[in-house]
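Visitor: Chains as they are written, first to last, in my numbering: chain H, 36 to 493; chain A, 36 to 493.
Beta carbons are placed, not taken as given, at the ideal position from N, Cα and C, and that holds for glycine.
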């Protein structure tokens with residue numbers, strides 16, 4: 036049901052004329068994220084600049100039962116911000132102010148539309164950084180909504196772990212500020228971690244106080260090749276158990292290694308699975324000792340090449356290659372689109388999930404690139420296909436289904452970091468069982484009319 | 036209103052006869068925790084042994100609107116498990132089984148009544164430990180309820196941060212299992228962190244899967260004396276900002292140092308504020324380098340003594356003294372009782388809160404011992420008084436009030452780790468503002484009849 040003229044008029048009055056649009060090009064730009072999920076046009080897009088504007092908009096939408104879908108940078112991978120029920124998209128990208136940097140408390144206040152890469156550029160001069168890194172140029176608001184994490188979560192935690200305080204606009208337009216600026220609290224119910232990761236279905240997060248980390252003075256990285264995916268992933272779980280605290284511990288499968296070799300000039304790795312490990316620390320001596328421990332573990336597991344002592348430049352290049360892997364995959368398969376896989380399992384089950392992923396794609400003749408934030412048990416595998424070829428695309432969906440179900444059977448989760456969005460709704464019952472009913476009740480409590488990002492999560 | 040004979044009969048049928056009591060001595064044992072809050076007798080005490088028994092008991096209580104107060108070890112400090120509305124106490128101490136240790140996943144499944152010290156004894160042979168440490172012999176269930184943390188939270192996180200999965204009996208007796216065994220998830224609403232820290236008002240946690248840490252192979256500790264509390268606490272905040280990752284960073288004020296000197300044979304510290312810092316790591320080299328950084332920082336801030344290279348035995352003795360500090364205080368003031376202070380502030384505000392605490396006690400002629408988990412911004416100050424001397428006890432309450440309000444005005448919290456219980460209810464409005472209404476609604480949603488630990492938190 037399209038919005039009435041009177042609704043549009045009320046909404047239009049809240050923001051400047053150039054921050055309201057029903058033009059088709061703006062609607063199209065807010066109809067789809069980076070996933071393969073079908074686009075859906077909103078009826079209007081609004082670009083609020085203040086919490087107060089968001090509050091006024093949401094209040095109107097609640098009164099008139101207009102769906103409100105918040106929008107960050109549109110980089111999500113499960114259709115999280117697709118306005119499947121129409122209504123308005125609330126594009127928060129103009130709420131992009133860094134409000135206050137309190138370096139002595141390792142904290143920063145930002146508006147939700149700040150891009151995390153811009154934030155980290157700004158924080159550099161203070162010797163601080165915000166560790167979670169989803170790869171894409173996401174906004175902090177989007178990262179909070181999805182509990183983004185990425186490569187460094189293994190040491191520094193996910194976005195959710197680093198939230199001190201939120202400003203949240205509730206479904207009725209009222210505004211709350213849950214959280215504290217103290218690092219520790221046992222005071223009241225933890226609303227910050229209820230809203231974080233809730234994908235905008237409980238409220239619209241407009242401002243965030245983040246906890247930061249000091250940029251470590253010393254880095255050390257190593258790339259280690261293994262004969263099999265199993266040997267590599269077994270090593271990953273042993274490194275974690277050993278008490279070492281790597282800042283990144285990535286697994287990259289053979290096919291992905293091949294693409295890195297092909298599309299970069301810098302690298303020529305053996306065409307076999309590898310792990311990339313990075314340590315952050317305060318002294319060269321400490322890092323060197325950690326590296327020795329890792330080397331022993333790797334050699335015990337039959338590592339075929341151990342390349343350490345990687346300098347700052349080579350390290351940056353390697354990370355660049357890791358980040359560009361997604362692009363390499365697209366370039367390798369022109370005309371095809373990726374279906375992302377994102378599950379996480381207990382670390383002892385890493386060898387199982389990697390072997391399973393490789394086996395089912397091979398058996399079905401499907402192209403899949405296994406890699407992931409292995410130290411957190413988080414495995415990705417973009418599978419390439421043509422969404423318009425219904426039959427072959429269905430095979431990808433079937434494999435996705437099998438993999439997620441297998442991960443859950445191992446005690447794992449349907450999504451390690453991409454969120455539920457549209458794509459993972461089908462697994463919520465299996466993963467959460469009776470807990471799902473409690474989640475639904477909380478949704479109903481906080482958004483009785485169901486206006487906030489409808490059609491997501493449940 | 037005492038329980039009716041028919042209610043008692045129904046409840047009695049759930050458990051073995053020796054696990055149900057209305058005897059005065061058992062009631063008295065469950066009428067009071069370790070705080071100064073007045074005792075209140077329950078009508079009956081039950082010792083369930085399984086989640087199913089808890090479920091049946093809670094279902095009956097819900098039907099008959101009988102208050103249910105869960106009980107761990109009774110070591111809390113804000114009256115958290117005092118059955119202020121009567122009804123039954125659910126003593127979970129017989130649910131003390133360690134159900135499964137999965138060392139390869141760094142995880143353990145425990146029943147709620149397991150004492151954390153017993154757990155860590157058992158885990159030692161696996162080279163693992165559960166880091167939070169509230170000092171007292173608390174149960175894991177109690178630690179989950181209060182989000183206990185203690186000295187090591189600065190490196191390893193609080194209890195809440197280390198929960199993978201819970202088994203929760205809801206107010207209607209139904210059972211849910213929120214959480215995942217994967218280290219990372221973006222799946223659904225975070226119910227684990229909603230129930231954790233909720234002090235039993237939303238549900239009864241009967242089983243917990245905890246994330247563990249590897250016992251570090253190397254330890255290193257230093258004790259540093261400073262001329263003033265301000266210099267010491269300033270150093271603490273600088274250490275955190277420097278990117279170092281201490282496993283403990285404790286502040287001990289002059290009066291507390293004096294008691295440690297007096298009641299131990301081992302120590303003879305200068306009678307001035309000190310900090311105690313401990314590092315955990317994988318190599319002696321790394322720790323030595325960290326220590327050098329700390330030494331420089333301390334000297335820059337005018338440290339008067341820097342005692343490092345403390346061996347395992349001296350370290351253990353120092354921790355023992357730190358843990359026994361509470362007892363020393365009681366021994367020093369026979370006949371008086373302590374009112375605990377527990378606030379946390381942003382770390383840059385440590386010097387302010389320490390100075391404020393010392394000033395207001397001095398001005399009012401009150402005995403107060405400032406110390407705390409300073410690296411997390413968490414400050415304690417037991418003040419000694421006679422609860423029966425209404426007038427002088429009121430002064431302590433006034434100081435407590437002023438300190439908590441000051442902490443909140445600095446952006447901090449009413450309770451860093453003791454929880455709200457009875458004592459901190461008065462500050463919830465000030466700290467949480469409009470968020471409190473959302474908390475109340477969630478309580479009402481999950482416990483519509485208000486049977487679960489009534490009279491607490493709100």
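#1: Should residue 229 of chain H be flagged as near chain A, meaning a C-beta pair shorter than 8 Å?
#2: I want to verify the contact list: residues of chain H whose CB lies under 9 Å from the CB of residue 225 of chain A, in sequence order.
#3: Flag this pair as yes or no: are the beta carbons of residue 117 of chain A and residue 74 of chain A separated by less than 8 Å?
#4: Note down, in chain order, all residues in the region 120–145 of chain H with a beta-carbon under 8 Å from any beta-carbon belonging to chain A.
#5: Can you tell me which residues form a DSSP beta bridge with residue 314 of chain H?
#6: Please check if any C-beta of chain H sits within less than 8 Å of the C-beta of residue 468 of chain A.
#7: Could you check what DSSP says for residue 225 of chain A in three-state terms: helix, strand or coil?
#8: When DSSP labels each residue in this structure, what does residue 105 of chain H get in the three-state scheme?
#9: Kindly indicate the opening and closing residues of the alpha helix (DSSP H) around residue 407 of chain A.
#10: Once the 5 residues before and after residue 90 of chain H are set aside, which same chain residues still bring their CB inside 7 Å of it?
#11: Along chain H, which residues have their Cβ under 7 Å away from the Cβ of residue 413 of chain A?
#12: I'd like the list of long-range same chain contacts for residue 231 of chain A, defined as Cβ closer than 7 Å, with 5 residues on each side in sequence excluded.
#13: Under 8 Å, do residue 389 of chain A and residue 309 of chain A count as touching if we go by C-beta distance?
#14: What does DSSP give as the partner residue(s) for residue 374 of chain A in the beta ladder?
#15: Expressed to the nearest angstrom, what Euclidean distance is found between the alpha-carbon atoms of residue 411 of chain H and residue 69 of chain H?
#16: If we count the other Cβ atoms within 10 Å of its Cβ and call it buried at 16 or more, is residue 246 of chain H buried or exposed?
#17: Cβ of residue 421 of chain A less than 8 Å from any chain H Cβ?
#18: Flag this pair as yes or no: are the beta carbons of residue 285 of chain A and residue 261 of chain A separated by less than 8 Å?
#19: Just curious, the beta strand (DSSP E) that residue 470 of chain A is in, first and last residue?
#20: In chain H, which residues lie less than 8 Å from residue 453 of chain A when you measure between Cβ atoms?
#21: Near residue 441 of chain H, what residues of its chain come up, given a Cβ to Cβ distance below 6 Å and the 5 sequence neighbours on each side ignored?
#22: Please return the same chain residues whose Cβ sits closer than 7 Å to the Cβ of residue 491 of chain A, not counting the five positions on each side in sequence.
#23: Find the residues of chain A that neighbour residue 460 of chain H, judging by a C-beta separation of less than 7 Å, and give them in chain order.
#24: Span of the beta strand (DSSP E) holding residue 146 of chain H?
#25: Which parts of the region 181–215 of chain H are runs of the alpha helix (DSSP H), unbroken and 4 residues or longer, counting only runs that do not cross its ends?
#26: So, with DSSP's three-state summary, where would you put residue 86 of chain A?
#27: Measure the C-alpha to C-alpha separation of residue 131 of chain H and residue 248 of chain H and round it to an integer number of angstroms.
#28: Find the nearest neighbour of residue 148 of chain H within the set H/133, H/161, H/158, judged by alpha-carbon distance.
#29: So which residues of chain H does residue 276 of chain A contact, with C-beta pairs closer than 9 Å?
#30: How big is the Cα-Cα spacing for residue 158 of chain H and residue 413 of chain A?
#31: When you compare the region 431–445 of chain A with the region 371–386 of chain A, are there three or more beta-carbon pairs, one atom per stretch, that lie closer than 8 Å?
#32: Hey, how far is the Cα of residue 291 of chain H from the Cα of residue 229 of chain H?
#33: Scan the region 321–386 of chain A and note each continuous beta strand (DSSP E) run of 3 residues or more that stays entirely inside, going in chain order.
#34: When the cut-off is 8 Å and only beta carbons count, does residue 381 of chain A lie next to chain H?
#35: Consider the Cβ of residue 473 of chain H: report whether some Cβ of chain A lies at a distance smaller than 8 Å.
#36: From which residue to which residue does the beta strand (DSSP E) around residue 79 of chain H run?
Guide: Let's see:
#1: yes
#2: 182, 195, 225, 228, 229, 231, 232, 233
#3: yes
#4: 137, 138, 139, 140, 141, 142
#5: H/255
#6: yes
#7: coil
#8: strand
#9: Unbroken run through residue 407 of chain A is the beta strand (DSSP E), 406–408; no alpha helix (DSSP H).
#10: 204, 208, 210
#11: 219
#12: 179, 182, 194, 195, 198
#13: no
#14: A/418
#15: 24 Å
#16: buried
#17: no
#18: no
#19: Per DSSP, residue 470 of chain A belongs to no beta strand (DSSP E); it is in the alpha helix (DSSP H), 470–481.
#20: 221
#21: 391
#22: 115, 234, 236, 455, 456, 457
#23: In chain order: nothing, as chain A lies at least about 10 Å away.
#24: 142–146
#25: 188–191
#26: helix
#27: 21 Å
#28: H/133
#29: 138, 139, 140, 141, 162, 163, 249
#30: 26 Å
#31: yes
#32: 36 Å
#33: 340–342, 372–374, 377–379
#34: yes
#35: yes
#36: 79–81
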